[in-house]
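One structure below.
Number of protein chains: 2
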Amino acid sequence: MIKIIVDCFGGDHSPQANVQGALAALVQFPDLHLILSGDEEAIKAQLAGNEYDASRIDILHAPQVIGCDERPTDVIRLKRESSMIKAIRLLRDDDSVAAMVSTGSTGALVAAALTRIGRLRGIIRPAFCPILPTMSGGIVGVCDSGANVEVTADHLRQFAIMSSLYMENVYGIYKPRVALLNVGKEPEKGDELRQTAYRLLGETPEINFVGNMESRDLLSGNYDVVVADGFSGNVLVKSTEGAALELLGKLKKDIYSKFIYKVGAALMAKMFKEEKEFMNYQNYGGSVLLGTSKVIVKGHGSSKAVSVQKCIEQAYKMQLSELGAKTEEVICRYEHYEL
Amino acid sequence: MIKIIVDCFGGDHSPQANVQGALAALVQFPDLHLILSGDEEAIKAQLAGNEYDASRIDILHAPQVIGCDERPTDVIRLKRESSMIKAIRLLRDDDSVAAMVSTGSTGALVAAALTRIGRLRGIIRPAFCPILPTMSGGIVGVCDSGANVEVTADHLRQFAIMSSLYMENVYGIYKPRVALLNVGKEPEKGDELRQTAYRLLGETPEINFVGNMESRDLLSGNYDVVVADGFSGNVLVKSTEGAALELLGKLKKDIYSKFIYKVGAALMAKMFKEEKEFMNYQNYGGSVLLGTSKVIVKGHGSSKAVSVQKCIEQAYKMQLSELGAKTEEVICRYEHYEL
Chain U
2 MIKIIVDCFG GDHSPQANVQ GALAALVQFP DLHLILSGDE EAIKAQLAGN
52 EYDASRIDIL HAPQVIGCDE RPTDVIRLKR ESSMIKAIRL LRDDDSVAAM
102 VSTGSTGALV AAALTRIGRL RGIIRPAFCP ILPTMSGGIV GVCDSGANVE
152 VTADHLRQFA IMSSLYMENV YGIYKPRVAL LNVGKEPEKG DELRQTAYRL
202 LGETPEINFV GNMESRDLLS GNYDVVVADG FSGNVLVKST EGAALELLGK
252 LKKDIYSKFI YKVGAALMAK MFKEEKEFMN YQNYGGSVLL GTSKVIVKGH
302 GSSKAVSVQK CIEQAYKMQL SELGAKTEEV ICRYEHYEL
Chain L
2 MIKIIVDCFG GDHSPQANVQ GALAALVQFP DLHLILSGDE EAIKAQLAGN
52 EYDASRIDIL HAPQVIGCDE RPTDVIRLKR ESSMIKAIRL LRDDDSVAAM
102 VSTGSTGALV AAALTRIGRL RGIIRPAFCP ILPTMSGGIV GVCDSGANVE
152 VTADHLRQFA IMSSLYMENV YGIYKPRVAL LNVGKEPEKG DELRQTAYRL
202 LGETPEINFV GNMESRDLLS GNYDVVVADG FSGNVLVKST EGAALELLGK
252 LKKDIYSKFI YKVGAALMAK MFKEEKEFMN YQNYGGSVLL GTSKVIVKGH
302 GSSKAVSVQK CIEQAYKMQL SELGAKTEEV ICRYEHYEL
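If you're matching them up, the sequences are chains U and L in order.
Just so it is clear: in the first sequence, position 60 is 61 by this note's numbering, and no numbers are missing.
Just so it is clear: in the second sequence, position 271 is 272 by this note's numbering, and no numbers are missing.
Laid out in structure tokens, this is it:
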């Protein structure tokens, strides 16, 4: 049995999306047990009317609510009875609880994870690894995408090891092709950080390093995971998502500008719907935080039920595949830690 | 009369695109005089059969050719008789020559510009500023997009001043809205560099600083120019272009997958053509190098004639508006240089 806590508050569609996503995940994985954290009455109201195995769900009552604009440090200090912080505490204290999923504040979650949960042995900096769809029908991960705005080459090598193991163990990608985000393909491109990281990644036999990647090639399908500092990784992910969404939005607007276009679009309705689904990040789950000693998955603030379900699936597979132990084993070869 | 050198070699469609673009620019601007650098016979062969005012074109014969993989330092040292390096030398030595346009190697051009042409008074680092179309029908500049992978907050302030004046003087944008590329909107977001730059930009009355911009909002139309270090600026521009092109490519492929989609697309042919033109960077000219003591415009390596013509237009307007002198005037208020 795998036990996962779902923070049911803090998202745009909370608690409804979180509770419905949780119920769907229970159907998907028969050996899953869930703990739903948040206001007990509100969660019970969402559960009411659904058919589910009540013995596989517990509620962790947490009355406090975290506001949008609260600073991460204030959340940890002042919102000890909130759904997120109570969940983090239970994750820390209860050995039987394997993982946590949250759609709440990213900053607060990272701060709480680092101070309350801690890191895998040997890991210097946990890092986010969101997943994007490629144009060849596959997926690509980006690590880090925002947890660490300043990094060293050693951090980048750890991101490469962690994310490569993640793509292999959770998505079943054989020898994931790992690239380094850079301003050109040649080894000597970029600043000293990139040049040193290029060398280190090439000297790491546990990963399949395929060289530098220019940002325009992210969706090409030629890479399985891209390693970056959290600043440029964040720019990479958000500008790619932003451009695709803006362009789809423009197409939609232009279609409505002429009758003949509307007719054409009607014939293509199924295709446009598929494109929209394809680009919809809700279908790809959340951004996992790699490197913490227990599994933590951060869903988009705008997550709907399907996205929450995917986040639970990611957490479940990370735990099932023993990703943490596998990561420690490789990392400790480089960081001179005793296992 | 404004005299501009066009480097006619080094692009994918050189010298044909460069010469045809030059001829179109001559028609567009009656007081323009052009010097075409490169192999004289090849340029004459391209000119043959066209009607033009021969008194407004000179040829600067340059027999050497620069290969794709040559290192910038080798180009400067060993290719002194190439079209790019001869053009740079003439630009430096001839006071009557105002500007240069090239579609050749970016690295070689930047290296040659910095070592042979020098900077405007007070400018610490010249920076690139390419232009992208926004979804609201306008344009947005990104400065720097790759000339400087490591920068300080002072550099970022200079980029902001230079690019704001550029958008105002060349594109006629009144009080351009200047944003700082960051991982979130709040002033305290990002690393120390971003936090310091945020403060400096806010203390610069010559620019209309509107705060941090997240990369997903680049095409929103809410900003006229975005300031970034060359690494993340490069990631921003290339991932935005890359995502848009990949998505259009996928749409095209999917249209051909079913007969009914082809019928629909046929009705929408005009619209799709317009979208393609809209996203076509050829229509937006090149990436100007701001901060050099003479005007330098770098066109895409894949530039066709229309793009070369736009690059010449950009160079012409930069010179006509006396952008260099205006930039020096503002910069020297901050850098304690005597004008």
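Backbone N, C-alpha and C define an ideal beta-carbon position, used for all residues, glycine too.
Name the two residues that bound the continuous beta strand (DSSP E) containing residue i.
| i | result |
| --- | --- |
| L:Gly142 | 140-144 |
| L:Ile124 | Premise fails: L:Ile124 is in no beta strand (DSSP E) and is neither H nor E. |
| L:His62 | 58-62 |
How about residue i and residue j: do their beta carbons lie closer than 8 Å?
| i | j | result |
| --- | --- | --- |
| L:Pro127 | L:Thr293 | yes |
| L:Gly22 | L:Val289 | no |
| L:Ala229 | L:Val331 | no |
| L:Ala55 | L:Ile77 | no |
| L:Ser15 | L:Lys87 | no |
| L:Val227 | L:Ala270 | no |
| U:Tyr148 | U:Val111 | One point to set straight first is that residue 148 of chain U is Ala, not Tyr, in the sequence displayed. Contact flag set, yes. |
| L:Val98 | L:Leu219 | no |
| L:Cys238 | L:Leu133 | It should be noted that the sequence gives Val, not Cys, for residue 238 of chain L. Yes, the pair counts as a contact, with Cβ atoms nearer than the cut-off. |
| U:Ser106 | U:Cys130 | no |
| U:Gly123 | U:Glu336 | yes |
| L:Glu41 | L:Ile60 | yes |
| U:Phe232 | U:Val150 | yes |
| U:Leu252 | L:Glu276 | yes |
| U:Ala113 | U:Ala316 | no |
| L:Arg200 | U:Ser240 | no |
| U:Met272 | L:Gly250 | no |
| L:Tyr285 | L:Lys311 | yes |
Pick out whichever of the options has its Cα sitting closest to the Cα of residue i.
| i | options | result |
| --- | --- | --- |
| L:Leu92 | L:Ile58, L:Leu182, L:Arg117, L:Asp192 | L:Arg117 |
| U:His34 | U:Ala180, U:Pro188, U:Ile313, U:Phe273 | U:Ile313 |
| L:Tyr262 | U:Ala49, U:Gln47, U:Ala267 | U:Ala267 |
| L:Thr153 | L:Thr197, L:Thr241, L:Glu169 | L:Thr197 |
| U:Gly138 | U:Asp94, U:Tyr224, U:Arg72, U:His62 | U:Tyr224 |
| L:Tyr172 | L:Ser322, L:Val20, L:Leu248 | L:Ser322 |
| U:Thr104 | U:Gly123, U:Lys318, U:Gly12 | U:Gly12 |
| L:Val236 | L:Glu82, L:Pro73, L:Asp59, L:Asn183 | L:Asn183 |
| L:Ala63 | L:Cys69, L:Asn281, L:Ser84 | L:Ser84 |
| L:Gln283 | L:Glu275, L:Phe260, L:Ser304 | L:Ser304 |
| U:Asp8 | U:Asn51, U:Gly50, U:Lys254, U:Gln65 | U:Gln65 |
| U:Glu242 | U:Lys274, U:Phe279, U:Gln159 | U:Phe279 |
| U:Asn170 | U:Ser221, U:Ile208, U:Gly287, U:Lys318 | U:Lys318 |
| U:Asn51 | U:Leu202, U:Arg81, U:Leu201, U:Val20 | U:Val20 |
| U:Phe30 | U:Ile3, U:Gly234, U:Met272, U:His156 | U:Ile3 |
| L:Gly203 | L:Ala244, L:Asp155, L:Gly286 | L:Asp155 |
| L:Lys274 | U:Glu189, U:Ile44, U:Ile256 | U:Ile256 |
| L:Asp70 | U:Tyr53, U:Arg195, U:Lys186, U:Arg334 | U:Lys186 |
| U:Arg195 | U:Leu157, U:Gly234, U:Leu48 | U:Leu157 |
| U:Arg1 | U:Asp32, U:Glu189, U:Gly191, U:Gln320 | In the structure displayed, chain U extends from 2 to 340; residue 1 of chain U sits before or after that span and is not available. |
Taking the DSSP output, what are the residues bridged to residue i?
| i | result |
| --- | --- |
| L:Cys130 | L:Val289 |
| U:Ser103 | U:Lys299 |
| U:Asp255 | DSSP output for U:Asp255 lists no bridge partner at all. |
| L:Ala180 | L:Gly212, L:Val227 |
| U:Asp8 | U:Ser38 |
| U:Leu33 | U:Ile3 |
| L:Val98 | L:Lys4 |
| U:Ser83 | U:Gln65 |
So residue i is in the alpha helix (DSSP H); what residue range does that whole segment cover?
| i | result |
| --- | --- |
| L:Asn213 | No alpha helix (DSSP H) contains L:Asn213, which is instead part of the beta strand (DSSP E) from 209-214. |
| U:Leu321 | 306-321 |
| L:Thr268 | The sequence given here places Leu at residue 268 of chain L; Thr does not occur at that position. It spans 260-268 - the alpha helix (DSSP H) in which L:Leu268 sits, taken as one unbroken run. |
| L:Val331 | 324-336 |
| U:Ser164 | 154-172 |
| U:Arg200 | 193-203 |
Using 7 Å as the cut-off, classify the Cβ of residue i as near or not near the heavy atoms of the ligand GTP, replying yes or no.
| i | result |
| --- | --- |
| U:Ala55 | What this structure holds is no ligand at all, so the ligand GTP is not there to describe. |
*Using 8 Å as the threshold, is the stretch 295-307 of chain U in touch with the stretch 171-180 of chain U, meaning 3 or more CB pairs across them?*
Judged by Cβ distances under 8 Å, the stretch 295-307 of chain U makes no contact with the stretch 171-180 of chain U, as fewer than three pairs qualify.
_Validate contact between the stretch 162-174 of chain L and the stretch 209-216 of chain U using beta carbons, cut 8 Å, 3 pairs_ = Result no; under three Cβ-Cβ pairs closer than 8 Å.
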